[in-house]
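These protein sequences, in sequence, are chains A and B.
So for the first sequence, the numbering used here puts the first residue at 10; every next one is plus one.
So for the second sequence, the numbering used here puts the first residue at 10; every next one is plus one.
Yeah, the Cβ is synthetic: ideal placement off N, Cα and C, and Gly gets one too.
Keep in mind the model is a prediction, meaning the values are calculated, not measured.
Worksheet: the structure to be examined is printed underneath.
Protein chains: 2
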Amino acid sequence: MAVYTEVSDEELAAFISLYDIGGVLSVKGIAEGVENSNFLLRTEGGTFILTLYEKRVKAEDLPFFIALMEHLAQHGLNCPQPVRNRSGEALGQLADRAAAIVTFLEGIGVNRPTVQHCGPVGEVLAQLHLAGADFKGFRANALSVSGWRPLFDAAKDGADTVTPGLRDATAAALADLEQEWPQGLPSGVIHADLFPDNVFFLKGELSGLIDFYFACNDFYAYDLAIGLNAWCFEKDGSFNMTKGRAMIAGYQSLRVLTPAEVAALPILCRGAALRFMLTRLVDWLNVPPGALVRPKDPLEYYRKLRFFQSADKATDFGYVE
Amino acid sequence: MAVYTEVSDEELAAFISLYDIGGVLSVKGIAEGVENSNFLLRTEGGTFILTLYEKRVKAEDLPFFIALMEHLAQHGLNCPQPVRNRSGEALGQLADRAAAIVTFLEGIGVNRPTVQHCGPVGEVLAQLHLAGADFKGFRANALSVSGWRPLFDAAKDGADTVTPGLRDATAAALADLEQEWPQGLPSGVIHADLFPDNVFFLKGELSGLIDFYFACNDFYAYDLAIGLNAWCFEKDGSFNMTKGRAMIAGYQSLRVLTPAEVAALPILCRGAALRFMLTRLVDWLNVPPGALVRPKDPLEYYRKLRFFQSADKATDFGYVE
Numbered sequence: 010m011a012v013y014t015e016v017s018d019e020e021l022a023a024f025i026s027l028y029d030i031g032g033v034l035s036v037k038g039i040a041e042g043v044e045n046s047n048f049l050l051r052t053e054g055g056t057f058i059l060t061l062y063e064k065r066v067k068a069e070d071l072p073f074f075i076a077l078m079e080h081l082a083q084h085g086l087n088c089p090q091p092v093r094n095r096s097g098e099a100l101g102q103l104a105d106r107a108a109a110i111v112t113f114l115e116g117i118g119v120n121r122p123t124v125q126h127c128g129p130v131g132e133v134l135a136q137l138h139l140a141g142a143d144f145k146g147f148r149a150n151a152l153s154v155s156g157w158r159p160l161f162d163a164a165k166d167g168a169d170t171v172t173p174g175l176r177d178a179t180a181a182a183l184a185d186l187e188q189e190w191p192q193g194l195p196s197g198v199i200h201a202d203l204f205p206d207n208v209f210f211l212k213g214e215l216s217g218l219i220d221f222y223f224a225c226n227d228f229y230a231y232d233l234a235i236g237l238n239a240w241c242f243e244k245d246g247s248f249n250m251t252k253g254r255a256m257i258a259g260y261q262s263l264r265v266l267t268p269a270e271v272a273a274l275p276i277l278c279r280g281a282a283l284r285f286m287l288t289r290l291v292d293w294l295n296v297p298p299g300a301l302v303r304p305k306d307p308l309e310y311y312r313k314l315r316f317f318q319s320a321d322k323a324t325d326f327g328y329v330e
Numbered sequence: 010m011a012v013y014t015e016v017s018d019e020e021l022a023a024f025i026s027l028y029d030i031g032g033v034l035s036v037k038g039i040a041e042g043v044e045n046s047n048f049l050l051r052t053e054g055g056t057f058i059l060t061l062y063e064k065r066v067k068a069e070d071l072p073f074f075i076a077l078m079e080h081l082a083q084h085g086l087n088c089p090q091p092v093r094n095r096s097g098e099a100l101g102q103l104a105d106r107a108a109a110i111v112t113f114l115e116g117i118g119v120n121r122p123t124v125q126h127c128g129p130v131g132e133v134l135a136q137l138h139l140a141g142a143d144f145k146g147f148r149a150n151a152l153s154v155s156g157w158r159p160l161f162d163a164a165k166d167g168a169d170t171v172t173p174g175l176r177d178a179t180a181a182a183l184a185d186l187e188q189e190w191p192q193g194l195p196s197g198v199i200h201a202d203l204f205p206d207n208v209f210f211l212k213g214e215l216s217g218l219i220d221f222y223f224a225c226n227d228f229y230a231y232d233l234a235i236g237l238n239a240w241c242f243e244k245d246g247s248f249n250m251t252k253g254r255a256m257i258a259g260y261q262s263l264r265v266l267t268p269a270e271v272a273a274l275p276i277l278c279r280g281a282a283l284r285f286m287l288t289r290l291v292d293w294l295n296v297p298p299g300a301l302v303r304p305k306d307p308l309e310y311y312r313k314l315r316f317f318q319s320a321d322k323a324t325d326f327g328y329v330e
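Right under this line is the structure:
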């Protein structure tokens, strides 16, 4: 949740004037997204989200994200739709940053996931995978297994200050995953960050997805592994089997997992837990003085990693044969 | 700018169901207001601001603020209008905090005040004073001259860590003000915090005022003194005489200052500078670890204080005889 960049009225008015959306009626920085500055923009033409891309998002990746949102929206997925300006551009410059306007999606992010959310989330993940199947863009997943060792190296010296033994345990988990990581599983565009705050519900129905700024090409089943990590644990750290079953069943209602995917799922779940633990650990150990954003707890994902280390088979966390 | 409190979907839905504004369509925490948590709320009935009052706002003051906003709106001032629930209450409880829903005001807060803003701001201050003249509520100004010594006592030991000599200079300024502070000037309800982010403009016209949570009963001319502090200095610390003239002339176009007010204005301006310097200094010296809000620079108001110490008469900062 953040607004990192202040935009002057003059800059904003000049930027908006390039679009066919009327004059600005109001603009509010919103506490949403940790990577970018987001503003809820009301103009004579409607309600929009204005995003300023901060340094953690690479400029060369932006066309991929924009094209993906357009593709998915055209293929029936309810997600923000980039608005093009009069020159046909969806990306511009504002306050020295790349900036885009997307349509506003009604709905409320989930803050307490329940079993009722997990089925629809599994389903929408499969829907996204199917809708993205003929998408032409490609973006490698910088945060897959080959990206974890550099993160570990950046964090290892401070790891034991977070909890004793974390360094050795993480080194061992990482070495195992580097050895075991599967190859050749069904792949395509994945969301790669489908956490509860990125899924909107309205009156009990899933109403849309946001935040495609980690989307990339990777194994479909890895996206499901991220979902199981993000949605199916209770606050006390325990895994909720009913949630796991609901999510996997929801996913399979649209796309049936192959035997190879089912076999790899425990490894992918461990990998997903390690990935979020590592990025959180790096953030945790590198909070700049005066930071406005409180880092997320890496130990939450250390506990999830340990759960998945104790799971041999996908049936241990909700797959039904 | 802050969202301090997380509200669960269930709590929110239950709270909203007490009102006749339809179901929730979306709710976004917004980066506005340093004292409370604010959410931009869209329901089937329209767009609103939902405010959760955090601990710095006293619960017993809330009925004053709510009644004042209703009174001012009824008297033609464009400001948020509290929405009453089906039981006729404008104040409720949400996530263990007092909470209110107010109407959403279109318009954009000013982030770079220009001369064109200062006239309308002076005018709206006078409009507020006139509109509030028959308001029945009363709230003493806890941050007037009698409230400054406790703030100074809380900050004095750390003052010189902010800039050398600040403690002695502040002590001297405070002692002078305690001696010279005027009595018996025309009084009534004042806004007491009319900073640029609390004044909305739309297409070059002042479109409304927000944030009445410092409003209180005090000298009208003290409100103007706060305005001169908040709007009429440049970023380099210099006082812009054209802005000062525009604001005072704007004010007097609706309410002419009495000779006693004109005579007292230099003291009131010094007082306003000291008041904001002291509250900022206390905040600066008491940033909690892990704070999400960056404190504002107290030295900005120390410089303003020194400017007004060098001004003998109101003509030195924009009053025209």
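For residue 35/A, the C-beta contacts it makes with chain B under 7 Å involve 115, 116 and 117, in order along the chain. Contact between residue 47/A and residue 39/A is confirmed by a C-beta separation of about 5 Å, below the 8 Å threshold.
8 Å or more divides the Cβ of residue 139/B from the Cβ of residue 232/B. Going by beta carbons, residue 132/A and residue 211/A fall outside the 8 Å limit. Per DSSP, reduced to three states, the secondary structure at residue 102/B is strand.
As for any alpha helix (DSSP H) of minimum length 4 sitting wholly inside the region 99–143 of chain A, the runs are 124–140, ordered along the chain.
Exposure of residue 147/A is indicated by the presence of fewer than 16 other C-beta atoms within 10 angstroms of its C-beta. Under the Cβ criterion (8 Å, minimum of three pairs), the region 73–92 of chain B does not count as touching the region 163–181 of chain B. Counting every other CB atom within 10 Å of its CB across the protein chains shown gives residue 188/A a total below 16, marking it as exposed. Between the alpha carbons of residue 314/A and residue 142/A lies a gap of roughly 30 Å. The beta carbon of residue 324/B is closer than 8 Å to those of 330 in its chain, skipping five residues each way along the sequence. At a Cβ-Cβ threshold of 8 Å, residue 195/A and residue 239/A do not count as neighbours. Nearest CB-CB separation between residue 212/B and chain A: below the 8 Å threshold. For residue 199/B, the uninterrupted beta strand (DSSP E) run begins and ends at 196–199, by DSSP. For residue 179/A, the enclosing alpha helix (DSSP H) stretches over residues 175–189. Taking a Cβ-Cβ threshold of 8 Å, the residues of chain B close to residue 32/A are 212, in chain order.
For the pair residue 235/B and residue 201/B, the CB atoms are nearer than the 8 Å cut-off.
Scanning its chain for C-beta atoms nearer than 6 Å, with the 5 sequence neighbours on each side dropped, one finds no residue around residue 322/A.
For residue 48/B, the three-state secondary structure derived from DSSP is strand. Residue nearest to residue 93/A within the set 230/A, 57/A, 68/A and 328/A is 57/A (criterion: CA-CA distance). In this chain, the alpha helix (DSSP H) harbouring residue 263/A covers 250–263. Separation of residue 34/B and residue 50/B (C-alpha to C-alpha, rounded to the nearest whole angstrom) is 8 Å. Neighbours of residue 17/A in chain B, taken as residues at a C-beta separation under 8 Å, are given in chain order as 120 and 121. By the neighbour-count criterion, in which 16 or more other beta carbons inside 10 Å mark a residue as buried, residue 265/B falls on the exposed side.
The CB of residue 39/A comes closer than 8 Å to the CB of 37, 38, 39, 40 and 49 in chain B, given here in chain order.
Partner residues in the beta bridge of residue 38/A, as assigned by DSSP, are 48/A. Around residue 36/B, the same chain offers 48 and 50 as residues with beta carbons nearer than 6 Å, after the five sequence neighbours per side are excluded.
Of the candidates 179/B, 145/B, 110/B and 180/B, 110/B places its Cα closest to the Cα of residue 52/B.
For residue 215/B, the uninterrupted beta strand (DSSP E) segment begins and ends at 214–218. Apart from sequence neighbours up to five positions away, the residues of its chain that approach residue 28/A with a beta-carbon distance below 6 Å are 94, ordered along the chain. According to the DSSP assignment, residue 238/B belongs to the alpha helix (DSSP H) that extends over 229–240. No Cβ-Cβ contact shorter than 8 Å links residue 259/A with residue 88/A. Distances from the alpha-carbon of residue 158/A to those of 145/A, 149/A, 137/A and 181/A put 181/A closest.
Burial of residue 136/A is indicated by the presence of at least 16 other C-beta atoms within 10 angstroms of its C-beta. Three or more beta-carbon pairs separated by less than 8 Å are not found between the region 243–253 of chain A and the region 271–287 of chain A, which leaves the two stretches without contact. For residue 167/B, the uninterrupted alpha helix (DSSP H) segment begins and ends at 154–171.
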